[in-house]
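Visitor: The sequence shown begins at 14 in my numbering and counts up one residue at a time. C-beta: ideal position from N, C-alpha, C; glycine also. A quick note: this is a predicted structure, and the numbers were derived from the prediction, not measured.
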Amino acid sequence: MTLANVIYIIILLVSFFTATYVLLASKKVVSIIFVLLTYTLGFWVFTNFLLDNIQDNNLGLIIIRLSVLGPILIGPLFFNFAMLFPSIQQGYKHKYIYLTLLSTIFFIPFIPTKYNISYINITEEEGVDFGLGQMYWIFIIYLCVFVLLAIYFLIKKYRKSIGIEKLQLSLFGISFFTTFILAIVFALLIPQLGYPELGVIGPLSSVIFIGVTAYTLIRHGLFDIRLILGKITYFTLSAFILYISFYIFVSLDIFVFNGIYSPESLFIGIFFAYLFVLIYDNYNEFIKEKVESSIINPGYNPNEVIRQLNHSINTQLEYIPNIESIISAISQTIRPLSKWIIVSKGTEIERFGPKEIELKKDQINHLFELFQSIETDTFVKDEYLNEASRNISPIKNVINEILGMIENLDISVILGIKNQNAETIALLILGHKDGYVPYSLTEVRFLRTLADMLSVSLTRSFLFEEVKQFNATLQKKVDDATAELAQRNDQLGEQLRKERDMMDILGHELRTPLGTARNALVMIDSLQKKGAIDEKKFDKYFTISLRNIRREKDLLETILQSARLENSRIQINLEKVAVQDVIDDSMTAFQEQAEQKGLELTAKVEVPNAYINVDRTAIQQIMDNLVSNAVKYTYKGYVHVTVTEEEGGFIRFKVEDTGEGISEEDLKNIGKKFFRANTHLDSAGKIGDRKIVRPGGTGIGVYVIMGLLKEFGSKLEIQSEFGKGSTFSFKLKKLDMNQLSKKIEIKRETVAPDILKQKEAERKAQQDKKMEEIRANVQKNKEQTSEDPKPVVAKPEVTPQNQPALAEVPAPAPEQVEAQNASELQKIENKEASSPVVSETAPQNPAPTEQQAEMAPTQATPVATPEQQVGEEKKSGLNTTL
Numbered sequence: 014m015t016l017a018n019v020i021y022i023i024i025l026l027v028s029f030f031t032a033t034y035v036l037l038a039s040k041k042v043v044s045i046i047f048v049l050l051t052y053t054l055g056f057w058v059f060t061n062f063l064l065d066n067i068q069d070n071n072l073g074l075i076i077i078r079l080s081v082l083g084p085i086l087i088g089p090l091f092f093n094f095a096m097l098f099p100s101i102q103q104g105y106k107h108k109y110i111y112l113t114l115l116s117t118i119f120f121i122p123f124i125p126t127k128y129n130i131s132y133i134n135i136t137e138e139e140g141v142d143f144g145l146g147q148m149y150w151i152f153i154i155y156l157c158v159f160v161l162l163a164i165y166f167l168i169k170k171y172r173k174s175i176g177i178e179k180l181q182l183s184l185f186g187i188s189f190f191t192t193f194i195l196a197i198v199f200a201l202l203i204p205q206l207g208y209p210e211l212g213v214i215g216p217l218s219s220v221i222f223i224g225v226t227a228y229t230l231i232r233h234g235l236f237d238i239r240l241i242l243g244k245i246t247y248f249t250l251s252a253f254i255l256y257i258s259f260y261i262f263v264s265l266d267i268f269v270f271n272g273i274y275s276p277e278s279l280f281i282g283i284f285f286a287y288l289f290v291l292i293y294d295n296y297n298e299f300i301k302e303k304v305e306s307s308i309i310n311p312g313y314n315p316n317e318v319i320r321q322l323n324h325s326i327n328t329q330l331e332y333i334p335n336i337e338s339i340i341s342a343i344s345q346t347i348r349p350l351s352k353w354i355i356v357s358k359g360t361e362i363e364r365f366g367p368k369e370i371e372l373k374k375d376q377i378n379h380l381f382e383l384f385q386s387i388e389t390d391t392f393v394k395d396e397y398l399n400e401a402s403r404n405i406s407p408i409k410n411v412i413n414e415i416l417g418m419i420e421n422l423d424i425s426v427i428l429g430i431k432n433q434n435a436e437t438i439a440l441l442i443l444g445h446k447d448g449y450v451p452y453s454l455t456e457v458r459f460l461r462t463l464a465d466m467l468s469v470s471l472t473r474s475f476l477f478e479e480v481k482q483f484n485a486t487l488q489k490k491v492d493d494a495t496a497e498l499a500q501r502n503d504q505l506g507e508q509l510r511k512e513r514d515m516m517d518i519l520g521h522e523l524r525t526p527l528g529t530a531r532n533a534l535v536m537i538d539s540l541q542k543k544g545a546i547d548e549k550k551f552d553k554y555f556t557i558s559l560r561n562i563r564r565e566k567d568l569l570e571t572i573l574q575s576a577r578l579e580n581s582r583i584q585i586n587l588e589k590v591a592v593q594d595v596i597d598d599s600m601t602a603f604q605e606q607a608e609q610k611g612l613e614l615t616a617k618v619e620v621p622n623a624y625i626n627v628d629r630t631a632i633q634q635i636m637d638n639l640v641s642n643a644v645k646y647t648y649k650g651y652v653h654v655t656v657t658e659e660e661g662g663f664i665r666f667k668v669e670d671t672g673e674g675i676s677e678e679d680l681k682n683i684g685k686k687f688f689r690a691n692t693h694l695d696s697a698g699k700i701g702d703r704k705i706v707r708p709g710g711t712g713i714g715v716y717v718i719m720g721l722l723k724e725f726g727s728k729l730e731i732q733s734e735f736g737k738g739s740t741f742s743f744k745l746k747k748l749d750m751n752q753l754s755k756k757i758e759i760k761r762e763t764v765a766p767d768i769l770k771q772k773e774a775e776r777k778a779q780q781d782k783k784m785e786e787i788r789a790n791v792q793k794n795k796e797q798t799s800e801d802p803k804p805v806v807a808k809p810e811v812t813p814q815n816q817p818a819l820a821e822v823p824a825p826a827p828e829q830v831e832a833q834n835a836s837e838l839q840k841i842e843n844k845e846a847s848s849p850v851v852s853e854t855a856p857q858n859p860a861p862t863e864q865q866a867e868m869a870p871t872q873a874t875p876v877a878t879p880e881q882q883v884g885e886e887k888k889s890g891l892n893t894t895l
């Protein structure tokens with residue numbers, strides 16, 4: 014076999030296996046065009062190989078005419094490949110492939126005719142001699158047109174390309190142009206000049222294109238050629254052992270056992286079969302490992318690396334050691350010049366790598382956003398260096414942004430690492446490889462596998478950290494709950510103690526007025542039995558009894574009021590209230606008590622004609638409580654009540670005293686239910702040279718004041734200096750009378766007449782009913798007084814505890830009762846006539862305070878007068894509303 018034939022065979026094998034594997038590995042258009050170009054070039058080489066090895070002129074004529082089909086197809090195929098490689102030419106459309114290939118149909122009818130090759134003469138001395146037909150030169154021109162167009166566009170791409178793409182274009186262009194020139198010269202021109210023996214150089218020149226193409230594919234990873242060559246080498250070596258084994262076994266059968274079907278051959282064949290399987294299995298594993306570590310993945314076995322990483326990662330819950338293991342594996346296998354893994358944990362960014370990454374934090378965050386917005390998770394810089402390749406990508410905007418960020422940085426590959434929820438949790442960033450060799454498809458797949466392993470590791474580690482944090486949080490909550498429970502237990506114990514103390518206090522406070530009233534009544538009864546009672550003594554003891562009964566009633570009402578406030582069940586009836594009336598009532602109620610203690614109780618109202626929109630009973634209760642406390646806790650000096658107007662239309666109520674004051678510690682607790690300041694007492698029960706006896710109290714008065722003020726949209730302000738006195742104040746919105754008049758007029762205009770009539774009828778019916786009840790009571794009193802001018806009330810008999818019964822109390826004269834009833838009736842009639850029509854319910858007059866009742870002359874009667882009934886009903890109605 015000649016050297017030319019050996020080269021022919023090598024070219025054919027390399028072309029066939031390379032094209033076949035590329036076709037199986039990739040279905041891209043550029044891959045298919047490359048496969049067709051390689052097959053066509055191989056077909057042309059194969060026809061020339063046949064011509065060099067046959068002697069029949071007729072068969073040679075058929076073969077040489079068919080060989081022209083190769084150059085005809087090579088032209089349009091190379092043109093389309095140049096338009097698609099390494100990136101598609103702008104303006105190029107895939108339909109051009111079909112148009113260019115269809116143009117060859119015109120030449121096919123001329124291929125088997127004399128217009129192609131007119132004759133052939135094959136001799137051993139001169140080789141192959143043939144004559145060119147009339148269409149042959151047209152075929153050559155057709156080929157040259159496409160080749161020149163392809164070279165033109167390759168040069169155009171070359172000028173715009175950079176980096177690896179530029180190198181690839183230069184190698185492909187030079188190798189193909191060289192092969193083309195040599196093929197034209199030695200396959201066409203030299204034989205026509207009388208040197209047919211040199212014609213073999215034309216087909217053999219294709220080794221230049223095949224060799225350079227193979228080098229470019231291996232060097233730059235086009236079509237993952239390392240994997241292609243590795244598979245070719247693997248199958249070749251596997252087939253080689255089969256080939257050798259076959260000839261060895263056949264030779265033994267023929268020369269030793271006299272044939273392959275002899276009994277001895279069949280028997281020994283069983284032994285050889287087992288021996289072959291044993292040897293071939295180990296040989297196959299050895300070849301596979303060597304091919305992968307030497308050709309496909311030089312220097313490492315990816316399967317072994319992945320196996321070791323799996324073992325390491327699966328036994329480690331912390332993600333930092335796993336990241337370090339993956340970085341180490343990348344350094345030992347792919348060997349990029351730089352590598353980083355960036356992990357996103359909420360708002361935190363962690364960087365891992367041998368050196369500081371050149372990207373800033375905001376750029377890294379933007380990278381995470383970009384990878385989150387697209388489905389792909391792999392970015393290889395070399396694939397998108399050409400503008401045309403970026404334009405055909407469905408995510409070209411994202412690609413352009415990424416390229417703009419890493420344009421001048423040592424970054425070639427970025428892999429997004431996502432969790433099971435498709436959230437980007439990390440980025441694997443790799444720099445250039447040594448010599449700026451591009452990343453092959455096999456390497457990218459290997460990196461993708463590592464990225465997937467890292468995704469599982471990070472997800473598991475984050476979950477582990479969440480569980481740890483959850484356990485820590487849960488433990489903290491348990492500890493906090495335990496501490497809170499202990500604190501609540503302590504507070505509950507303290508509350509129970511306070512409630513026990515308060516029950517004692519309430520029992521004392523409730524028993525004291527009842528006992529005083531009882532003693533006064535017992536004294537009246539005792540004096541009456543002795544006949545030693547006169548009107549002055551009766552009034553004295555009856556007034557004491559009445560005052561304490563009302564004190565008991567107010568205490569109970571305060572307790573009920575606090576309960577309503579605590580349960581948010583209090584109701585407020587707002588009405589127009591004169592500020593002067595409220596102050597006058599409070600001053601009248603406590604003037605006598607202040608004088609008895611030698612205190613100066615004064616009031617100064619700077620806005621005597623001012624009105625406020627509040628609940629009459631509630632505001633009176635607030636003022637009475639403040640003045641009462643001031644008088645109660647002041648033993649020397651004065652109690653001043655002032656009312657002033659402030660900016661914004663507010664009325665300021667202030668009660669100032671020179672009492673014992675409140676300590677800073679107690680000020681923090683003032684207003685808490687059942688709290689009573691007692692720290693002003695020292696162990697000796699005195700301040701300085703003054704002995705102090707703490708007054709009684711329930712500790713709910715200020716609590717009720719604060720609750721009522723809150724309902725009015727105000728608050729109690731306290732200023733106190735221990736040992737010098739206190740100032741309590743609050744402010745309420747002043748009622749604008751002009752605005753009120755406008756509202757009344759508006760209401761008169763807007764309320765429908767039929768509704769007004771209905772409301773007026775209901776109000777008249779209620780008043781008529783009340784008048785009938787009063788008249789009935791008056792008539793009943795007249796009848797009783799006519800039968801017995803001096804009615805008496807039966808008193809209870811002496812109790813088992815030898816308590817004397819109450820003495821009979823003379824009733825007022827009938828003339829006095831009639832006069833009081835007539836006066837009350839006249840008041841009701843006047844009120845009815847003057848009541849406004851616009852309000853749905855007539856405003857209630859404030860009930861007289863118990864202090865006013867105590868200060869007024871009192872006569873005890875067994876039957877209440879109509880005036881007293883009306884007064885008690887009004888007061889009871891207000892209190893029930895509260």
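In the DSSP output, which residue or residues are listed as bridge partners for Gly186?
Guide: Locating residue 186 in the sequence shown gives position 173, counting from the first residue. DSSP, once it has assigned bridges, lists no residue as partnering Gly186.
Visitor: When burial is assigned at 16 or more other CB atoms within 10 Å of the CB, is Ser219 buried or exposed?
Guide: One-based indexing of the sequence shown puts residue 219 at position 206. Buried, since its Cβ has 16 or more Cβ neighbours within 10 Å.
Visitor: Roughly how many whole angstroms lie between the Cα atoms of Phe666 and Gln488?
Guide: By one-based count along the sequence shown, residue 666 stands at place 653. By one-based count along the sequence shown, residue 488 stands at place 475. Cα to Cα, Phe666 sits roughly 53 Å from Gln488.
Visitor: Specify, as a first and last residue, the run of the alpha helix (DSSP H) that Lys106 falls within.
Guide: In the sequence shown, the residue the question calls residue 106 occupies position 93. It is not in any alpha helix (DSSP H) - Lys106 carries neither H nor E in the DSSP assignment.
Visitor: Using 8 Å as the threshold, is the C-beta distance between Thr647 and Thr615 below it?
Guide: The sequence position of residue 647 within the sequence shown is 634, counting from 1. The sequence position of residue 615 within the sequence shown is 602, counting from 1. No, these two residues do not count as a Cβ contact at 8 Å.
Visitor: Return the chain-ordered list of same chain residues with a C-beta closer than 6 Å to the C-beta of Lys617, the five sequence neighbours on each side being excluded.
Guide: Working through the sequence shown from its first residue, we reach residue 617 at position 604. For Lys617, where only same-chain residues beyond five positions count, the Cβ hits under 6 Å are Thr655.
Visitor: Just to confirm, is the Cβ distance from Thr113 to Asn93 under 8 Å?
Guide: Counted from its first residue, the sequence shown places residue 113 at position 100. Counted from its first residue, the sequence shown places residue 93 at position 80. For Thr113 and Asn93, yes; Cβs fall inside 8 Å.
Visitor: Reducing DSSP to helix, strand and coil, say where Gly3 ends up.
Guide: Because the chain spans 14 through 895 in this model, residue 3 falls outside it and cannot be assessed.
Visitor: I need the straight-line Cα distance from Phe62 to Met148, nearest angstrom please.
Guide: As a working mapping, residue 62 is identified with position 49 in the sequence shown. As a working mapping, residue 148 is identified with position 135 in the sequence shown. Each residue's alpha carbon lies about 24 Å from the other.
Visitor: Quick check on the DSSP output: the alpha helix (DSSP H) that includes Asp628 runs from which residue to which?
Guide: In the sequence shown, the residue the question calls residue 628 occupies position 615. Asp628 -> no alpha helix (DSSP H), and no H or E assigned at all.
Visitor: Going by the CB atoms, is the gap between Val263 and Ile273 shorter than 8 Å?
Guide: Residue 273 sits at position 260 when you count from the first residue of the sequence shown. Residue 263 sits at position 250 when you count from the first residue of the sequence shown. Contact: yes.
Visitor: Cα-Cα, which of Pro621, Ala623, Asp598 and Ile415 is closest to Asn638?
Guide: In the sequence shown, residue 638 corresponds to position 625, counting from 1. Answer by Cα proximity: Asp598.
Visitor: When the distance is taken between beta carbons, is Lys746 closer than 8 Å to Gly674?
Guide: Indexing the sequence shown from 1 puts residue 674 at position 661. Indexing the sequence shown from 1 puts residue 746 at position 733. The answer is no: Cβ separation not under 8 Å.
Visitor: Look at the alpha carbon of Ser338 and the alpha carbon of Met466, and state the distance between them as a whole number of angstroms.
Guide: For the purposes of this step, residue 338 is taken as residue 325 along the sequence shown, with counting starting at 1. For the purposes of this step, residue 466 is taken as residue 453 along the sequence shown, with counting starting at 1. Roughly 11 Å separates the two Cα atoms.
Visitor: Looking at the unbroken alpha helix (DSSP H) that takes in Arg78, where does it start and where does it end?
Guide: For the purposes of this step, residue 78 is identified with residue 65 of the sequence shown, where counting begins at 1. Per DSSP, Arg78 belongs to the alpha helix (DSSP H) from Asn70 to Ser80.
Visitor: Taking 7 Å as the cut-off, is the beta-carbon of Glu605 closer than that to any non-hydrogen atom of the ligand MG?
Guide: What this structure holds is no ligand at all, so the ligand MG is not there to describe.
Visitor: Can you have a look at Asp395 and say buried or exposed, based on whether 16 or more other CB atoms are within 10 angstroms of its CB?
Guide: On the sequence shown, residue 395 is found 382 positions in, with the first residue counted as 1. Looking at its Cβ environment, which holds 16 or more other Cβ atoms inside 10 Å, Asp395 is buried.
Visitor: Skipping 5 residues on each side, what residues in its chain have a beta carbon closer than 7 Å to that of Gly243?
Guide: On the sequence shown, position 230 is the one that residue 243 refers to. Taken in chain order, the residues that qualify are Val304, Glu305, Ile308 and Ile309.
Visitor: Flag this pair as yes or no: are the beta carbons of Phe166 and Gln102 separated by less than 8 Å?
Guide: Reading the sequence shown from its first residue, position 153 is the one you call residue 166. Reading the sequence shown from its first residue, position 89 is the one you call residue 102. Contact: yes.
Visitor: My assumption, with CB atoms under 8 Å, is that Ile343 sits in contact with Leu463. Please give the rounded CB distance.
Guide: As a position in the sequence shown, residue 343 is number 330, starting the count at 1. As a position in the sequence shown, residue 463 is number 450, starting the count at 1. Yes, they are in contact, since the Cβ atoms of Ile343 and Leu463 sit about 7 Å apart, within 8 Å.
Visitor: What is the rounded straight-line gap between the Cα of Lys589 and the Cα of Gly736?
Guide: Taking the first residue of the sequence shown as position 1, residue 589 is located at position 576. Taking the first residue of the sequence shown as position 1, residue 736 is located at position 723. If you take the alpha carbons of Lys589 and Gly736, they lie about 39 Å apart.
Visitor: If you run the structure through DSSP and keep just helix, strand and coil, what is Leu527?
Guide: Locating residue 527 in the sequence shown gives position 514, counting from the first residue. Helix.
Visitor: If you count every other CB in all the chains shown that lies within 10 Å of the CB of Gln609, and 16 or more means buried, which is it?
Guide: Against the sequence shown, residue 609 aligns to sequence position 596. Classification of Gln609: exposed, given that the 10 Å Cβ count is below 16.
Visitor: If we ignore side chains and look at the alpha-carbon of each, how far apart do Leu97 and Val43 end up?
Guide: By 1-based counting over the sequence shown, the position of residue 97 is 84. By 1-based counting over the sequence shown, the position of residue 43 is 30. C-alpha separation (whole angstroms): 6 Å.
Visitor: Any idea what DSSP makes of Ser218, helix, strand or coil?
Guide: The sequence position of residue 218 within the sequence shown is 205, counting from 1. Here Ser218 sits in coil by DSSP.
Visitor: Can you tell me which of Ile20, Leu54, Lys173 and Thr15 puts its alpha carbon nearest to the alpha carbon of Ala32?
Guide: Locating residue 32 in the sequence shown gives position 19, counting from the first residue. The shortest Cα separation from Ala32 among Ile20, Leu54, Lys173 and Thr15 belongs to Leu54.
Visitor: Could you give the first and the last residue of the continuous beta strand (DSSP E) run that contains Arg665?
Guide: Here residue 665 refers to the residue found at position 652 when the sequence shown is read from its first residue. Start and end: Phe663 to Asp670.
Visitor: At the level of alpha carbons, what is the spacing between Leu26 and Ala200?
Guide: Taking the sequence shown and counting its residues from 1, one reaches residue 26 at position 13. Taking the sequence shown and counting its residues from 1, one reaches residue 200 at position 187. Taking the straight line joining both Cα atoms gives about 22 Å.
Visitor: Leaving aside the five residues before and after Val19 along the sequence, list all residues of the same chain whose C-beta is less than 8 Å from its C-beta, in chain order.
Guide: Sequence index remark: in the sequence shown, residue 19 carries index 6 (1-based). Result list for Val19: empty, nothing under 8 Å.
Visitor: For my contact list, Asp628 and Ile596 are in at a C-beta cut-off of 8 Å; report their separation, rounded to the angstrom.
Guide: On the sequence shown, residue 628 is found 615 positions in, with the first residue counted as 1. On the sequence shown, residue 596 is found 583 positions in, with the first residue counted as 1. Not quite, the Cβ-Cβ distance comes to about 17 Å (not below 8 Å), so this is no contact.
Visitor: Quick one: what's got a C-beta closer than 6 Å to Pro315's C-beta in the same chain, skipping five residues either side?
Guide: Residue numbering aside, residue 315 sits at position 302 when the sequence shown is read from its first letter. Excluding sequence neighbours, Pro315 sits near Phe459.
Visitor: Which residues mark the beginning and the end of the beta strand (DSSP E) in which His653 is found?
Guide: As a working mapping, residue 653 is identified with position 640 in the sequence shown. Counting along the chain, the beta strand (DSSP E) containing His653 begins and ends at Tyr651 to Glu659.
Visitor: For Arg348, which three-state DSSP category applies?
Guide: Residue 348 sits at position 335 when you count from the first residue of the sequence shown. Of the three classes helix, strand and coil, the one that applies to Arg348 here is coil, per DSSP.
Visitor: Short check: CB of Leu350 to CB of Lys446, under 8 Å?
Guide: Reading the sequence shown from its first residue, position 337 is the one you call residue 350. Reading the sequence shown from its first residue, position 433 is the one you call residue 446. Yes, the pair counts as a contact, with Cβ atoms nearer than the cut-off.
Visitor: Can you tell me which of the three DSSP states Thr740 falls into?
Guide: On the sequence shown, position 727 is the one that residue 740 refers to. Three-state result, Thr740: strand.
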